[in-house]
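These notes are about the structure you will find just below.
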Amino acid sequence: MKRFWVEQCNAFLEIFRDKRQFVLFAVLLLFILLNSLKISIFNLILTDNKASVIAQFKITYTFLMLIIIINVFFILKSKALFLLLYLLQTIYILVNISYYMYFHSYLHIMQFIMLFNEGFDAANQNAAPINLKMLITLIDLPGFILVYRNFYNIIDFRKSKRSLTIIVTCLSLVLLVGIEINSYYNEWSMIHLVKSRYNGEKPIVERYGTIANNALGIYLNRNEKVIVDKLKYGEVQTGNANGKDKPNFVLIQVEAMDSNIIDKKYNGHYITPFLNSLKDSSVYYPYVLSEHMGGGTSDIEFSVINSIEPLEGYAAQKLSNYNYPNSFIKILRKNNYSAIGFHGNKGSFFNRNVSFPKMGFERLVDMEEMGLKDVGWGAPDEDVLNYAFQYISNMKTPFISYIITMTSHGPFTNAGNYYQNKAFEGVENINIKNYFNSMSYVDKVLEDFVTKIKSRFKNTYIFIYGDHTPSIRDKEYMQASFDYDGKYFEFVPLFIITPDGMKYTEKSRVASMLDFSPTLLRLSGVEFKIKSDGVNLLDFKSEWKGIEYKNDVYKRDFLYQKANDSKG
21 MKRFWVEQCN AFLEIFRDKR QFVLFAVLLL FILLNSLKIS IFNLILTDNK
71 ASVIAQFKIT YTFLMLIIII NVFFILKSKA LFLLLYLLQT IYILVNISYY
121 MYFHSYLHIM QFIMLFNEGF DAANQNAAPI NLKMLITLID LPGFILVYRN
171 FYNIIDFRKS KRSLTIIVTC LSLVLLVGIE INSYYNEWSM IHLVKSRYNG
221 EKPIVERYGT IANNALGIYL NRNEKVIVDK LKYGEVQTGN ANGKDKPNFV
271 LIQVEAMDSN IIDKKYNGHY ITPFLNSLKD SSVYYPYVLS EHMGGGTSDI
321 EFSVINSIEP LEGYAAQKLS NYNYPNSFIK ILRKNNYSAI GFHGNKGSFF
371 NRNVSFPKMG FERLVDMEEM GLKDVGWGAP DEDVLNYAFQ YISNMKTPFI
421 SYIITMTSHG PFTNAGNYYQ NKAFEGVENI NIKNYFNSMS YVDKVLEDFV
471 TKIKSRFKNT YIFIYGDHTP SIRDKEYMQA SFDYDGKYFE FVPLFIITPD
521 GMKYTEKSRV ASMLDFSPTL LRLSGVEFKI KSDGVNLLDF KSEWKGIEYK
571 NDVYKRDFLY QKANDSKG
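Per our numbering, the sequence shown runs over residues 21 to 588.
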């Protein structure tokens, strides 16, 4: 046994005496070190964690893991597979960073597969966020090139050091086991983190990475029944018919309309003068919590219509066997309401052409049915709203119309194809300049549409609200969002234009997407029974319960203050 270890020590020292062996050893070690650094930085970006102790742990853990993986991989002796895996790793990192920068949540493998068409469409339209942090994918490129060029020489080198390679691999495995035992003793091992999975994914990503988090996600979302069982319904709310004429409802969900854009000025003028004027002529909620999770924008109509918080890591509107039993649209339809949805994109996007009828709509009228074409990405909002107005004018009353806009979708270049407000020429950041231009356009077409609706239909409630923030945090524009308690909170505005011209501005409490259903049902005057933790947004004097968000309950006044403080 002593002789064996002496031989291994000599074999190791020989590496440093033989120039060729040393070069190959250095090349392989360089790649492992740089790839470990890349993976570690990638995971830290996805957790926004700057703690040195986490960085040290992650780099050490990843380095040991890669030693094992690389040594096992070289047994396959496939240069083409090495290239393929490296490219897949690069794409994986780029996609995940892009998703996190936009949604501030983690992309799951099943979610990626499920939303592949949507993601490809977004990327094709240059709507996938690009960030300088993506340059981390180049960190290990020199190491990869050197290993690729010397691939078969490294195989021969490892073969000559077979016993030493096995020892290094086993030692790395022992060290990993030791680290995990220590983690278990300190109650932050994978076992402990899995038990507290629903307290957030961040600790798992920090210590074990996105692959481990994905594996856990696959298990937790192993079938649709398990996923549906995660949906949390609120307390039962009921209402009696009031015998009055039933009002119409027009809901306008505006793409990327952030809370702070309403009061934003440039060179002394409001970006959105019409929407700003609505503060004084409608019921105005400056901050509505955007329940924006695994289904992107589609989560908003899911929450609004069903009064349920959406799912993390899964697009709720892509559930194939879910029939939306809590949809308030179904209740209105049973009480002789007509219900139509409109969207300036293809109806197949996020499965809306299937989910909307399941939620009780007669159908979703998409861009193709309107006879409109892509101008940028999606049809111009003006064309969509004009079509919707003509369609609504021929609908049986009472009706509810749900309109989803498209022009102001990131990267905010759509409006530039048919609208240019020269007032923003001096804006330095091109992304912000395009956002201002987009919202200026949206403001103008909304003013025209609202004016026509109010003139044509007297007994009508108009709800105008954003879906999510534009993912802009800059000195020239700071969106209404903040990180707190390991969670990301973002806020959009809500205007409720009432038939009697009610005026009210909420100055201390945040609203929720879950509040829409109980509010609309009480306004409709129909008899109803629904499960909801939402409140009636026109019952201003009541004490409102907190908002449950990602398994914690937050006071509405606390969130309001945090959102207001985020302006800077």
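Ideal Cβ positions, reconstructed from N, Cα and C, are used throughout, including at glycine.
Contacting residues, own chain, Cβ-Cβ under 8 Å from residue i (five flanking each side not counted)
i: D160; result: F51, L54, N55, L57 and K58
i: Y120; result: I65, L66, Y126 and L127
i: Y218; result: The predicted model places Y218 with a pLDDT of 42, which falls under 50 and marks its position as unreliable; any figure quoted below should be read in that light. Closer than 8 Å at the Cβ level, and outside the excluded window around Y218, lie N571.
i: L196; result: Y81, L84, M85 and I88
i: N441; result: F456, N457, S460 and Y461
i: E138; result: With a pLDDT of only 48 at E138, under 50, the local geometry of the prediction cannot be trusted, and the value read off the model is given with reservation. The answer, listed in chain order, is G316, F369 and F370.
i: R377; result: According to the sequence provided, residue 377 is Pro. The question's Arg does not apply to it. Within the same chain, P377 has close Cβ partners R383 and L384.
i: M498; result: N280, I492, S586, K587 and G588
i: I211; result: Y204
Distance between beta carbons of residue j and residue i, contact taken as under 8 Å
i: E329; j: E311; result: 5 Å
i: G361; j: Y407; result: Between Y407 and G361 the Cβ distance is about 13 Å, and since that is not below 8 Å, they are no contact.
i: N466; j: F294; result: Residue identity check: residue 466 is Leu in the sequence provided, not Asn. Confirmed, Cβ separation roughly 6 Å.
i: T489; j: D265; result: So it is not a contact: roughly 38 Å between Cβ atoms.
i: S552; j: S537; result: 5 Å
i: I420; j: L352; result: 6 Å
i: I424; j: Q273; result: 5 Å
i: A500; j: S428; result: Contact doesn't hold; Cβ gap of about 16 Å is too wide.
i: S327; j: I550; result: 7 Å
i: A75; j: S98; result: Contact flag wrong, Cβ pair sits at about 33 Å.
i: F1; j: I113; result: The structure shown does not extend to residue 1, since the chain is modelled only from 21 to 588, so the question has no answer here.
i: G486; j: A276; result: 7 Å
i: S323; j: L543; result: S323 to L543, Cβ: 18 Å. No contact.
Test: residue i CB closer than 8 Å to a CB of chain C
i: F409; result: Annotation note: the requested chain C is absent from the structure, which comprises a single protein chain.
Top-ranked residue by Cα proximity to residue i, from the options
i: F5; options: I117, V385 and F502; result: Outside the shown range of the chain, which is 21 to 588, sits residue 5, and nothing can be said about it.
i: Y307; options: F578, T425 and N30; result: F578
i: N437; options: L191, N457, A500 and K266; result: N457
i: R493; options: S340, N280, D505 and E402; result: N280
i: K354; options: M379, A583, L213 and E496; result: M379
i: V385; options: Y504, N371 and W397; result: N371
i: L86; options: M210, Q41 and G229; result: G229
i: Q41; options: I174, K22, S98 and L108; result: I174
i: L96; options: Y172, R37 and I282; result: Y172
i: E34; options: I211, L184 and N343; result: L184
i: I325; options: F409, K350 and Y504; result: K350
i: L271; options: I473, K575, Y504 and V555; result: I473
i: K523; options: P162, L558, K22 and F32; result: L558
i: S375; options: K99, P345 and N451; result: P345
i: E389; options: V225, V303 and H363; result: H363
i: S358; options: K284, G430, F269 and K338; result: F269
i: L339; options: V246, S192, F381 and M154; result: V246
i: I156; options: D505, S118 and D403; result: S118
i: V73; options: V470, R227, N373 and L104; result: R227
i: N170; options: Y439, F102, N206 and V26; result: F102
i: P267; options: K299, F24 and L540; result: L540
Close-in-space but distant-in-sequence residues of the same chain around residue i (CB under 6 Å, 5 per side omitted)
i: K570; result: K507
i: K453; result: F444 and V447
i: P223; result: L213
i: N296; result: I282 and Y290
i: E526; result: Y305
i: K464; result: none
i: S203; result: S209
i: S347; result: I325, N326, M379 and G380
i: I412; result: S421
Cβ-based neighbour list, residue i, same chain, cut-off 7 Å, excluding 5 preceding and 5 following
i: N449; result: D494 and E496
i: P365; result: Reading off the sequence, residue 365 comes out as Asn, not Pro. Same-chain partners within the cutoff: D386, M387, G398 and M426.
i: F140; result: Residue placement at F140 is flagged as unreliable, the pLDDT there being 49, under the threshold of 50; the coordinate-derived value follows with that caveat. Once the five neighbours on either side are set aside, F140 has no close Cβ partner at all.
i: Y342; result: V248
i: V194; result: none
i: F32; result: L184
Legend entry - Any 3 or more C-beta pairs closer than 8 Å across the region 464-480 and the region 252-262: The region 464-480 vs the region 252-262: no contact.
Legend entry - Every unbroken alpha helix (DSSP H) inside the region 328-415 [4 residues or more]: 348-354, 372-378, 387-390 and 401-413
Inset, instruction - Spell out a yes or no on whether the region 480-493 and the region 508-526 are touching, meaning 3 or more CB-CB pairs, one atom from each, closer than 8 Å. - result: Yes: at least three Cβ pairs fall under 8 Å.
Legend entry - Contained beta strand (DSSP E) runs [length at least 3] in the region 262-314, N- to C-terminal order: 268-274 and 303-309, all fully within the region 262-314.
Inset, instruction - Count the CB pairs spanning the region 41-49 and the region 165-175 that are closer than 8 Å, and state whether there are at least three. - result: yes
Legend entry - Cβ pair count under 8 Å reaching 3, the region 171-191 against the region 91-107: yes
Inset, instruction - Indicate whether the contact test is met: 3 or more Cβ pairs, each with one atom in the region 414-434 and one in the region 385-403, closer than 8 Å. - result: yes
Inset, instruction - Write down every uninterrupted run of the alpha helix (DSSP H) in the region 529-567 whose length is 4 residues or greater and which is fully enclosed by it, in chain order. - result: 536-544
Inset, instruction - Could you tell me whether the region 248-256 touches the region 414-421, where touching means 3 or more Cβ pairs closer than 8 Å? - result: no
Inset, instruction - Can you check the region 150-180 for any alpha helix (DSSP H) of at least 4 residues that lies completely inside it and give the ranges in chain order? - result: 161-169 and 171-180
Inset, instruction - Mind listing, in chain order, the continuous alpha helix (DSSP H) runs of no fewer than 4 residues lying wholly within the region 421-478? - result: 450-476
Inset, instruction - Give, in chain order, every unbroken run of the alpha helix (DSSP H) that is at least 4 residues long and sits entirely within the region 185-249. - result: 210-215, 222-240 and 244-248
Inset, instruction - Give, in chain order, every unbroken run of the beta strand (DSSP E) that is at least 3 residues long and sits entirely within the region 32-117. - result: none
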